[in-house]
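K.L.:
The listed protein sequences derive, respectively, from chains A and B.
All the letters of the first sequence, read from the start, carry residue numbers 1 to 329 under the numbering used here.
All the letters of the second sequence, read from the start, carry residue numbers 1 to 382 under the numbering used here.
Backbone N, C-alpha and C fix where the C-beta goes; we use that ideal spot for every residue, glycine too.
Quick one: structure below, then a few questions.
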Amino acid sequence: MGKYENLKEMQPYVIQLLTNSLRKNRLSHAYLFYGNKGTGKLDCAFLLAQMFLCGQKTNEGHPCGQCINCTRIYSGNHPDVHVVMPDGTSIKTEQMQFLQKEYAYSGMESDKKVFIIKDCDMMTVQAANRMLKTIEEPLPGMLTIFTTNRKSAVLSTIQSRTQQVSFRENSRHQLLNFLTTEGISMHLAKVIVNMTTDLNEALQFGQDPSFADSYAVVLKLYETLETNKMMAFIWLHTEWLTHFGTKDRDKNIFGLSLFSVLLKSILLKKLGYADDLQIEEIANINLMIYRETELFAILDEIQLVQNKIRQNFNIQITLERFMLYLQEV
Amino acid sequence: MKITIQREILVRSVQEVIKAISFKTTIPILTGIKFHVTEQGLTLTGSDADISIESFVPKEADGDENIMIEQTGSCVFQARYFYEIVKKLPDTQVQITISKQQNATIQSGKTEFNLKIWDAEEYPRLPEINESCSFYLSVELLKNIIRQTVYAVSTSENRPILTGVNWIFDKETLVCVGTNSHRLAQKIVLQSDPNIQIEVNPFNIVIPGKSLNELNKLLDGENEQVKVVITPQQILFQLKNLLFFSRLLEGNYPDTKKLIPKEMKTKLIVDVKAFHRAIDRASLLSKDEKSNIVKLEVNDSCTIFISSNAPEIGKVEEELSSEHFEGEELKISFSAKYMMDALKVMDDEKVEISFTGAMRPFLIKNISNDEILELVLPVRTY
Numbered sequence: 001m002g003k004y005e006n007l008k009e010m011q012p013y014v015i016q017l018l019t020n021s022l023r024k025n026r027l028s029h030a031y032l033f034y035g036n037k038g039t040g041k042l043d044c045a046f047l048l049a050q051m052f053l054c055g056q057k058t059n060e061g062h063p064c065g066q067c068i069n070c071t072r073i074y075s076g077n078h079p080d081v082h083v084v085m086p087d088g089t090s091i092k093t094e095q096m097q098f099l100q101k102e103y104a105y106s107g108m109e110s111d112k113k114v115f116i117i118k119d120c121d122m123m124t125v126q127a128a129n130r131m132l133k134t135i136e137e138p139l140p141g142m143l144t145i146f147t148t149n150r151k152s153a154v155l156s157t158i159q160s161r162t163q164q165v166s167f168r169e170n171s172r173h174q175l176l177n178f179l180t181t182e183g184i185s186m187h188l189a190k191v192i193v194n195m196t197t198d199l200n201e202a203l204q205f206g207q208d209p210s211f212a213d214s215y216a217v218v219l220k221l222y223e224t225l226e227t228n229k230m231m232a233f234i235w236l237h238t239e240w241l242t243h244f245g246t247k248d249r250d251k252n253i254f255g256l257s258l259f260s261v262l263l264k265s266i267l268l269k270k271l272g273y274a275d276d277l278q279i280e281e282i283a284n285i286n287l288m289i290y291r292e293t294e295l296f297a298i299l300d301e302i303q304l305v306q307n308k309i310r311q312n313f314n315i316q317i318t319l320e321r322f323m324l325y326l327q328e329v
Numbered sequence: 001m002k003i004t005i006q007r008e009i010l011v012r013s014v015q016e017v018i019k020a021i022s023f024k025t026t027i028p029i030l031t032g033i034k035f036h037v038t039e040q041g042l043t044l045t046g047s048d049a050d051i052s053i054e055s056f057v058p059k060e061a062d063g064d065e066n067i068m069i070e071q072t073g074s075c076v077f078q079a080r081y082f083y084e085i086v087k088k089l090p091d092t093q094v095q096i097t098i099s100k101q102q103n104a105t106i107q108s109g110k111t112e113f114n115l116k117i118w119d120a121e122e123y124p125r126l127p128e129i130n131e132s133c134s135f136y137l138s139v140e141l142l143k144n145i146i147r148q149t150v151y152a153v154s155t156s157e158n159r160p161i162l163t164g165v166n167w168i169f170d171k172e173t174l175v176c177v178g179t180n181s182h183r184l185a186q187k188i189v190l191q192s193d194p195n196i197q198i199e200v201n202p203f204n205i206v207i208p209g210k211s212l213n214e215l216n217k218l219l220d221g222e223n224e225q226v227k228v229v230i231t232p233q234q235i236l237f238q239l240k241n242l243l244f245f246s247r248l249l250e251g252n253y254p255d256t257k258k259l260i261p262k263e264m265k266t267k268l269i270v271d272v273k274a275f276h277r278a279i280d281r282a283s284l285l286s287k288d289e290k291s292n293i294v295k296l297e298v299n300d301s302c303t304i305f306i307s308s309n310a311p312e313i314g315k316v317e318e319e320l321s322s323e324h325f326e327g328e329e330l331k332i333s334f335s336a337k338y339m340m341d342a343l344k345v346m347d348d349e350k351v352e353i354s355f356t357g358a359m360r361p362f363l364i365k366n367i368s369n370d371e372i373l374e375l376v377l378p379v380r381t382y
């Protein structure tokens, strides 16, 4: 099954750990999966649920992915697998009440039950405290999986009652391979892996038809700065704002992130740290417009500008100021 | 799948199974009704994961043809729409056909609905019925068990196990207990009782109180006997053409035998109705849950004083004579609601109440038999 192979490549240690504990019958009653966004925690939780419930596992302990248990876990219709995720900004006590009830009832089809609590750091304190008692006195056949990308925000009393599994950051090389097999061109894929290591986010970027256009606009900004720095202010109005708009904050922040990827690559190249994941355009552009120290300063400034846009500053004015800054560094 | 069915029969069956369906569920497929057509007839299933109801429509009944089956098969309809549709179809006959994988046609008269359906494979599997652990109860007895025990169970999920009724069979008696840790109701059915036919291995299960209440609504005069089947995960009540499944509660039910006092110091016999009315009156001044407390005093002269005091409203006192009194004098306070609930389910006109002290739980029993036993914890007052 593709999904499984993928996870195995992304998180070999985690998969190894889980298959071994299952095979040796040493599965813990509760797990805490933590790691950065997009490292496959939720997928892995579903996979573990499948491994736990699938009746036709392969010899290596892989779930078959085809039996009714496996397919229903993915479609969300398995009666003994319960997934709780934040309702709005937090996981509320009522959701926990439902879980507590489910803990007390016998399984619908078998004596095994799986509970998956996504983003468990979002549990309200009351919700988390309700959870404590249930994971403290587990009944046999129950498996609880917590996932979080902010482990430190999880109640320490929950941390201490679970087996913690760390998910490592995705390797950029693997991500690049994955993106190219998904049909994304090499030169865009290289830009993406420099922007994010989140698998889902990367895929989303790659499949967005306007991504290539946005990237072209950002490259053009650099070209404009190369030919005539004074033109940047006017260029902002003719090109940048027509493409990214004056209303859409996320799009503008995204455009700035692309710009900082470009500048970072230039900086690395100048400092002699270029690797094979460098964006390809580096080879053909003038690296001499800014000095290293200036590049550092601009990168800092981009962060500030992004924060301002996030904080509801007027986009056009903020960007105009940024263009003036670029002219004068 | 292709069938033609009498509309009335279909509506009745859908009405039965839709009782189990909840539209608030987190499992999408449970908002559907499962159709399963075999050579024998049509089975409908509805479920909210806690309870499941299966209704069977035989191909023929009493010589009449209910369903014309052209092709067997199964699928899941979205319950909400399906029910509304079949209720309002124009003709007495309904034809249901699965045309493609995801589509079904419902035809009646000149109306035709095309509905999206779900794959029946996705629907939860109900347990196989294992004949080895099954027994029979008369409907009357089952209704009594439910009425006399379920009222006492806990409604809060803090101790989930207490939201259920514990059924224990030990080869001689079936003991059903419900408690919320402040009161307890116990019903004992002897194996020799003609209303029960039980020849199974001992068992100890906890059935959710909510499920029993739902079951109670389905029990009617049409059925005389209910077959009960216990499977490891679920309990099944089999009625005529209707199966009622409920999940069980897991965990250890507290040992309630220890709670029931063996010796007693004061014994009263009272008339149920008169006593109930007196408690009801005394509780008028303290209607809210927390302070719904009445005080009872007895002395040698066979007189019972019932009183209640709500400082901001006023107080009430009432005298009642007891049929019989033996033992020590006593002053005790208890929740009026618990007392009235307990009195309501007694069968006899007169009951025996036995106390072991002001701070110990007291027992209420029929005077004619020991089948029902109600226990209420007193309240400490200063």
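Rounded to whole angstroms, how far is the Cβ of B/Phe169 from the Cβ of B/Ile198, which I believe are closer than 8 Å?
P.N.:
7 Å
K.L.:
Which first and last residues belong to the alpha helix (DSSP H) in which B/Arg380 is found?
P.N.:
For B/Arg380, no alpha helix (DSSP H) segment is defined, and its DSSP state is neither H nor E.
K.L.:
Suppose you measure from the CA of A/Met1 to the CA of B/Leu142; what does that come to, to the nearest Å?
P.N.:
Caution applies to A/Met1, whose pLDDT of 39 falls short of 50 and renders its modelled position unreliable; the value that the coordinates give is listed next. Roughly 50 Å between the two C-alpha positions.
K.L.:
Looking only at its own chain, which residues have a Cβ that is under 7 Å from the Cβ of A/Thr224, when we skip the five neighbours before and after it?
P.N.:
The beta carbon of A/Thr224 sits closer than 7 Å to the beta carbons of Met231, Ala232, Trp235 from its chain, once the five residues preceding and following it are set aside; these are given in chain order.
K.L.:
Closer than 9 Å, Cβ to Cβ, to anything on chain A: give me those residues from the region 47-64 of chain B, in chain order.
P.N.:
Ser47, Ala49, Asp50, Ser52
K.L.:
Output, in sequence order along the chain, the residues in the region 244-257 of chain B whose CB is closer than 8 Å to any CB in chain A.
P.N.:
The residues in question are Arg247, Leu248, Leu249, Glu250, Gly251.
K.L.:
Could you spell out the range, first to last residue, of the beta strand (DSSP E) harbouring A/Lys118?
P.N.:
Element bounds for A/Lys118: n/a, residue is neither H nor E.
K.L.:
For my contact list, B/Ile51 and B/Ser211 are in at a C-beta cut-off of 8 Å; report their separation, rounded to the angstrom.
P.N.:
5 Å
K.L.:
Closest Cβ-Cβ distance between B/Leu115 and chain A: below 9 Å?
P.N.:
no
K.L.:
Would you kindly work out how many angstroms separate the C-alpha atoms of B/Ile367 and B/Val229, rounded to a whole number?
P.N.:
Rounded to the nearest whole angstrom, the CA to CA distance from B/Ile367 to B/Val229 is 33 Å.
K.L.:
To which residues of the same chain is A/Gln164 closer than 6 Å at the C-beta, ignoring the five residues directly before and after it?
P.N.:
Leu32
K.L.:
Which bits of chain A does B/Glu122 rub up against, with CB to CB less than 7 Å?
P.N.:
Arg72, Ser75, Asn77
K.L.:
Consult DSSP for B/Arg125 and reduce its assignment to one of helix, strand or coil.
P.N.:
Looking at B/Arg125 - three-state DSSP - the assignment turns out to be coil, as it is neither helix nor strand.
K.L.:
In the region 100-133 of chain A, which residues sit with their C-beta less than 8 Å from some C-beta in chain B, listed in chain order?
P.N.:
Listed by position along the chain: Gln100, Lys101, Tyr103, Ala104, Tyr105, Ser106, Gly107, Met108, Glu109, Ser110, Asp111.
K.L.:
Ignore the nearest five residues each way along the sequence and tell me which others in A/Asp248's own chain have a CB closer than 6 Å to its CB.
P.N.:
none
K.L.:
Can we say the region 32-40 of chain B touches the region 66-82 of chain B, given the rule of at least three CB pairs closer than 8 Å?
P.N.:
They touch, by the three-pair rule.
K.L.:
Any idea what DSSP makes of B/Glu297, helix, strand or coil?
P.N.:
Looking at B/Glu297 - three-state DSSP - the assignment turns out to be strand.
K.L.:
Between which two residues does the alpha helix (DSSP H) holding A/Ser156 run?
P.N.:
Counting along the chain, the alpha helix (DSSP H) containing A/Ser156 begins and ends at 156-159.
K.L.:
What are the start and end residues of the alpha helix (DSSP H) that includes B/Glu214?
P.N.:
209-218
K.L.:
Excluding the five sequence neighbours on either side, which residues of its own chain have a C-beta within less than 7 Å of the C-beta of B/Met339, listed in chain order?
P.N.:
Ile279, Val376
K.L.:
Of all the residues that make up the region 224-239 of chain B, which are near chain A by a beta-carbon distance shorter than 9 Å?
P.N.:
Here the close residues are Pro232, Gln233, Gln234.
K.L.:
For A/Asp87, which of B/Cys133, B/Asn114, B/Thr26 has the nearest alpha-carbon?
P.N.:
Shortest Cα-Cα distance from A/Asp87 to any of B/Cys133, B/Asn114, B/Thr26 involves B/Thr26.
K.L.:
Pull up the DSSP beta-bridge partners for B/Ser335, would you.
P.N.:
B/Ile293
K.L.:
So that I know if they touch, is there some Cβ in chain A lying closer than 9 Å to that of B/Arg125?
P.N.:
yes
K.L.:
Taking its Cβ as the centre, do 16 or more other Cβ atoms sit within 10 Å of A/Thr181, making it buried, or is it exposed?
P.N.:
exposed
K.L.:
For B/Lys88, does the count of other Cβ atoms within 10 angstroms reach 16, so buried, or fall short, so exposed?
P.N.:
exposed
K.L.:
By how many angstroms is the C-alpha of A/Gln174 removed from the C-alpha of A/Gln316?
P.N.:
38 Å
K.L.:
Residues of chain B with CB under 9 Å from A/Leu139, in chain order?
P.N.:
Within chain B, the residues whose beta carbon sits less than 9 Å from that of A/Leu139 are Glu250, Gly251, listed in sequence order.
K.L.:
Keeping to the same chain, check which residues put their C-beta closer than 6 Å to that of B/Phe113; ignore five residues upstream and five downstream.
P.N.:
Ile85, Ile106
K.L.:
Under 9 Å between the Cβ atoms of A/Met142 and A/Phe98?
P.N.:
no
K.L.:
Using a Cβ-Cβ cut-off of less than 9 Å, list which residues of the region 18-29 of chain B approach chain A; keep chain order.
P.N.:
Thr26, Ile27, Pro28, Ile29
K.L.:
Just how far apart, CA to CA, sit B/Glu70 and B/Val14?
P.N.:
Each residue's Cα considered, the two are about 21 Å apart.
K.L.:
For A/Gln316, name the three-state secondary structure that DSSP assigns.
P.N.:
helix
K.L.:
In angstroms, rounded to a whole number, what distance separates the CA positions of B/Gln186 and B/Phe362?
P.N.:
Put simply, the backbone Cα of B/Gln186 is about 13 Å away from that of B/Phe362.
K.L.:
Could you list the residues in the region 305-322 of chain A with a C-beta less than 9 Å from some C-beta on chain C, going in chain order?
P.N.:
The displayed structure is made up of protein chains A and B, and chain C is not among them.
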